[in-house]
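A.B. asks: Heads up: the protein sequence lines correspond to chains A and B, in order.
Per UniProt numbering, residue 1 is the first one in the first sequence, and the count goes up by one each step.
Per UniProt numbering, residue 1 is the first one in the second sequence, and the count goes up by one each step.
One structure coming up, written as structure tokens, with questions to follow.
Number of protein chains: 2
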Amino acid sequence: MNKSPDKVWTAGMVVIGDEILSGRTADKNIAQVASWLQVQGIRLTEVRVVSDDMGAIGDAVNALRDAYDYVFTTGGIGPTHDDITVDAVAAALGVPVVIHPEARDMLAAYYAAKPGGLTEARLRMARVPEGADLIPNRMSGAPGIRHGNLFLMAGVPHITAQMLDGLTGQLEGGAPLLSETVGCWTAESEIAHILREVEKAHEDCQIGSYPFFREGQVGANFVIRSTSRDVLNSAVDTLSEALAEEGYDFTPGGI
Amino acid sequence: MNKSPDKVWTAGMVVIGDEILSGRTADKNIAQVASWLQVQGIRLTEVRVVSDDMGAIGDAVNALRDAYDYVFTTGGIGPTHDDITVDAVAAALGVPVVIHPEARDMLAAYYAAKPGGLTEARLRMARVPEGADLIPNRMSGAPGIRHGNLFLMAGVPHITAQMLDGLTGQLEGGAPLLSETVGCWTAESEIAHILREVEKAHEDCQIGSYPFFREGQVGANFVIRSTSRDVLNSAVDTLSEALAEEGYDFTPGGI
Numbered sequence: 001m002n003k004s005p006d007k008v009w010t011a012g013m014v015v016i017g018d019e020i021l022s023g024r025t026a027d028k029n030i031a032q033v034a035s036w037l038q039v040q041g042i043r044l045t046e047v048r049v050v051s052d053d054m055g056a057i058g059d060a061v062n063a064l065r066d067a068y069d070y071v072f073t074t075g076g077i078g079p080t081h082d083d084i085t086v087d088a089v090a091a092a093l094g095v096p097v098v099i100h101p102e103a104r105d106m107l108a109a110y111y112a113a114k115p116g117g118l119t120e121a122r123l124r125m126a127r128v129p130e131g132a133d134l135i136p137n138r139m140s141g142a143p144g145i146r147h148g149n150l151f152l153m154a155g156v157p158h159i160t161a162q163m164l165d166g167l168t169g170q171l172e173g174g175a176p177l178l179s180e181t182v183g184c185w186t187a188e189s190e191i192a193h194i195l196r197e198v199e200k201a202h203e204d205c206q207i208g209s210y211p212f213f214r215e216g217q218v219g220a221n222f223v224i225r226s227t228s229r230d231v232l233n234s235a236v237d238t239l240s241e242a243l244a245e246e247g248y249d250f251t252p253g254g255i
Numbered sequence: 001m002n003k004s005p006d007k008v009w010t011a012g013m014v015v016i017g018d019e020i021l022s023g024r025t026a027d028k029n030i031a032q033v034a035s036w037l038q039v040q041g042i043r044l045t046e047v048r049v050v051s052d053d054m055g056a057i058g059d060a061v062n063a064l065r066d067a068y069d070y071v072f073t074t075g076g077i078g079p080t081h082d083d084i085t086v087d088a089v090a091a092a093l094g095v096p097v098v099i100h101p102e103a104r105d106m107l108a109a110y111y112a113a114k115p116g117g118l119t120e121a122r123l124r125m126a127r128v129p130e131g132a133d134l135i136p137n138r139m140s141g142a143p144g145i146r147h148g149n150l151f152l153m154a155g156v157p158h159i160t161a162q163m164l165d166g167l168t169g170q171l172e173g174g175a176p177l178l179s180e181t182v183g184c185w186t187a188e189s190e191i192a193h194i195l196r197e198v199e200k201a202h203e204d205c206q207i208g209s210y211p212f213f214r215e216g217q218v219g220a221n222f223v224i225r226s227t228s229r230d231v232l233n234s235a236v237d238t239l240s241e242a243l244a245e246e247g248y249d250f251t252p253g254g255i
């Protein structure tokens, strides 16, 4: 894997599915894809959640392909009539849908011993936009699909996890974004001025403030992010000293 | 509330925050806003997750305002330096940011008895795009913000829940999308043909198939959605009969 520390590598993500937009299913793929991308040195920059609609999927995929280095989709690659991601992406790319011979072989092997065998519905899972490669998936027979910088993955989170695992270390990325957390049992509004000062004093450093309410008390975690370990350490030190100076107890590592 | 059953009312949503895109925090607001909108007879049609960036927030808000009847945002309306939603939205709307007098009064009352009182940082939470109204929030002093068809809400899910509660029944919507679920301990690929036939036979009806793997067995829930109770019932009956005919056990209400 070629690490290019100067370039910031970016990714967009399209989450496909009426079940997310109806509120029936809480998405778990955004967090898992985001965390995985961080480790690859690729920054997830935008996510769009769209319905099971050819036009909506195609428009989102094309918009994000234009804007970012990589695009990931989750959902809609199964065997049922509402699984239209492959068709929508092929249309967006302007290529036909074809049966991938290796995918057909994988499915045939997987379903050989199962009731019904390789039915027409199951064979749908071997369909790919022409020119695509497969992303292996040890969990079920159906592979994910890679087409250039575009990655089509499952909607079921633990299958997507397998596909991400198969892609680990395969994508060119930059310096991973590092982060450290400092927690404090105080209202974030009390120390807002400190956060602002510390961020301003450190280039290539962002501080996010994430308030919470637990055990009847307000608190907040301050997450400092940087691609530079030195900058990160310096920002954590400055923040900790400033909190101590104003008399706040804080918890390195977060609460 | 005026119910217009013929028009399909739509909404877009912008989830704002680096913490979601870094994978640090799993979003809970999409599912809660989506579920709430269903009951209001408004269909969540697209969600965009963007970073704490003025341009990214403004572009997403404007794109969704053009496309849908309502737009909801979550995140970035707190007291710290990374809370820039009000500034980004005001810029996108082309209006200045002003202090809302009622919001200032609410915050003054809320912080009167608290250490530090109404600091400059806390007063940030009274800032609104000019022309905005407030969305009450019983949980903390800080209100949400309404500007025409645009609703700015908190990132912390239980505060957003309070704001949604304050908006319940206030928005014009259409006929709510109804749904019924039928569960089956089978691979969805085995009965894909049945789902397709049932959906084809019923206009104004969508069927989603959501596979799972539990207790060492595969199964799937089939969610049938329609704005018509009659169509919904008929589709559930047809699906149930077809499953029974082919010898599948199924569970009304889902598994």
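Where is the CB? At the ideal position from N, CA and C, for every residue including glycine.
No experiment lies behind these values; they were computed from the predicted model shown.
When you compare each of B:VAL223, B:ALA56 and B:TRP36 to ILE207 of chain B by their alpha carbons, which one comes out closest?
C.D. replies: B:VAL223
A.B. asks: Could you tell me the boundaries of the beta strand (DSSP E) in which GLU147 of chain B lies?
C.D. replies: Per the sequence shown, the amino acid found at residue 147 of chain B is His instead of Glu. Start and end: 144–147.
A.B. asks: With DSSP run on the structure shown, which of helix, strand or coil describes GLY247 of chain B?
C.D. replies: coil
A.B. asks: Within the continuous beta strand (DSSP E) that includes residue 274 of chain A, where are the two ends?
C.D. replies: Nothing about residue 274 of chain A can be read from this structure; chain A reaches only from 1 to 255.
A.B. asks: LEU243 of chain A CB to nearest chain B CB: under 9 Å?
C.D. replies: no
A.B. asks: I'd like the list of long-range same chain contacts for LEU164 of chain A, defined as Cβ closer than 8 Å, with 5 residues on each side in sequence excluded.
C.D. replies: GLN32, VAL33, TRP36 and MET153
A.B. asks: Does any residue of chain A have a CB that is nearer than 9 Å to the CB of ALA121 of chain B?
C.D. replies: yes
A.B. asks: Name, please, each residue of chain A whose Cβ falls closer than 7 Å to the Cβ of HIS193 of chain B.
C.D. replies: ALA121
A.B. asks: Can you find a CB in chain A that lies within less than 9 Å of the CB of ARG43 of chain B?
C.D. replies: Chain A, which has a Cβ nearer than 9 Å to the Cβ of ARG43 of chain B, makes this yes.
A.B. asks: Identify the continuous alpha helix (DSSP H) that holds GLN162 of chain B and give its terminal residues.
C.D. replies: 157–167 is the span of the alpha helix (DSSP H), which, as asked, contains GLN162 of chain B.
A.B. asks: Determine the contact status of ASP204 of chain A and SER226 of chain A, defining contact as a CB-CB distance below 9 Å.
C.D. replies: yes
A.B. asks: Going by CA-CA distance only, name the one from B:ALA187, B:VAL156 and B:GLN170 that's closest to ALA142 of chain A.
C.D. replies: Of all alpha-carbon atoms in B:ALA187, B:VAL156 and B:GLN170, the one lying nearest the alpha-carbon of ALA142 of chain A is that of B:ALA187.
A.B. asks: How far does the beta strand (DSSP E) with SER179 of chain B in it extend, from its first residue to its last?
C.D. replies: DSSP places SER179 of chain B inside the beta strand (DSSP E), whose first and last residues are 178–184.
A.B. asks: Residues of chain A with CB under 9 Å from SER209 of chain B, in chain order?
C.D. replies: GLY78, PRO79, THR80, HIS81, ASP82 and ASP83
A.B. asks: Please work out which residues of its chain come closer than 7 Å, Cβ to Cβ, to ALA92 of chain B, disregarding the five sequence neighbours upstream and downstream, and give them in chain order.
C.D. replies: Once the five neighbours on either side are set aside, the close Cβ partners of ALA92 of chain B are GLY58, VAL61 and ASN62.
A.B. asks: Distance, Cα to Cα, PHE212 of chain A vs ALA235 of chain B?
C.D. replies: The straight-line gap from Cα to Cα measures roughly 44 Å.
A.B. asks: With 9 Å set as the bound, which would you pick, yes or no: does the beta-carbon of TRP36 of chain A sit closer than that to a beta-carbon of chain B?
C.D. replies: yes
A.B. asks: Under 9 Å Cβ-Cβ, which residues of chain A neighbour LYS28 of chain B?
C.D. replies: ALA26
A.B. asks: Looking at C-alpha atoms only, which residue of A:ARG48, A:GLY12 and A:GLU190 is the closest neighbour of ASP249 of chain A?
C.D. replies: A:GLU190
A.B. asks: Which partner residues does ALA133 of chain B have in the DSSP bridge list?
C.D. replies: It is Asp, not Ala, that sits at residue 133 of chain B in the sequence shown. DSSP lists B:ARG146 as partners of ASP133 of chain B.
A.B. asks: Can at least three beta-carbon pairs, one atom from the region 157–173 of chain B and one from the region 34–53 of chain B, be found at a separation below 8 Å?
C.D. replies: yes
A.B. asks: Would MET125 of chain A pass as a contact of ALA103 of chain A if the rule is Cβ separation under 9 Å?
C.D. replies: yes
A.B. asks: Using the beta-carbon of each residue, which ones in chain A are nearer than 9 Å to ASP18 of chain B?
C.D. replies: The answer, in chain order, is GLN206, GLY208, VAL223 and ARG225.
A.B. asks: With a threshold of 8 Å, are at least 3 pairs of Cβ atoms found where one atom belongs to the region 4–13 of chain B and the other to the region 70–77 of chain B?
C.D. replies: yes
A.B. asks: Can you give the Cα-Cα distance for LEU134 of chain B and ASP230 of chain B, rounded to whole angstroms?
C.D. replies: 40 Å
A.B. asks: State the Cα-Cα distance for the pair SER4 of chain A and THR168 of chain A, rounded to the nearest angstrom.
C.D. replies: Reliability fails at SER4 of chain A, whose pLDDT of 47 lies under 50, so the model's placement of it is uncertain and the value that follows must be treated cautiously. So the two alpha carbons sit approximately 17 Å from each other.
A.B. asks: Which class does SER22 of chain B belong to by DSSP, given the choice of helix, strand or coil?
C.D. replies: coil
A.B. asks: Since I believe VAL89 of chain B is in contact with GLU130 of chain B (beta carbons under 8 Å), could you give me their beta-carbon distance rounded to a whole number of angstroms?
C.D. replies: The C-beta separation of GLU130 of chain B from VAL89 of chain B comes to about 11 Å, leaving the pair out of contact by the 8 Å criterion.
A.B. asks: What's the gap between the Cα of GLY254 of chain A and the Cα of SER179 of chain A?
C.D. replies: 11 Å
A.B. asks: What's the C-alpha gap between SER209 of chain A and VAL97 of chain B?
C.D. replies: 22 Å
A.B. asks: Is DSSP giving VAL95 of chain B helix, strand or coil here?
C.D. replies: coil
A.B. asks: By the three-class DSSP mapping on this structure, what secondary structure does MET125 of chain B have?
C.D. replies: helix
A.B. asks: Kindly indicate which three-state DSSP category SER226 of chain B falls into: helix, strand or coil?
C.D. replies: strand
A.B. asks: Classify LEU239 of chain A as helix, strand or coil using the three-state DSSP reduction.
C.D. replies: helix
A.B. asks: Please work out which residues of its chain come closer than 6 Å, Cβ to Cβ, to LYS28 of chain A, disregarding the five sequence neighbours upstream and downstream, and give them in chain order.
C.D. replies: PRO157
A.B. asks: Taking the C-alpha atoms as reference points, what is the distance between GLY219 of chain A and ALA242 of chain A?
C.D. replies: 17 Å
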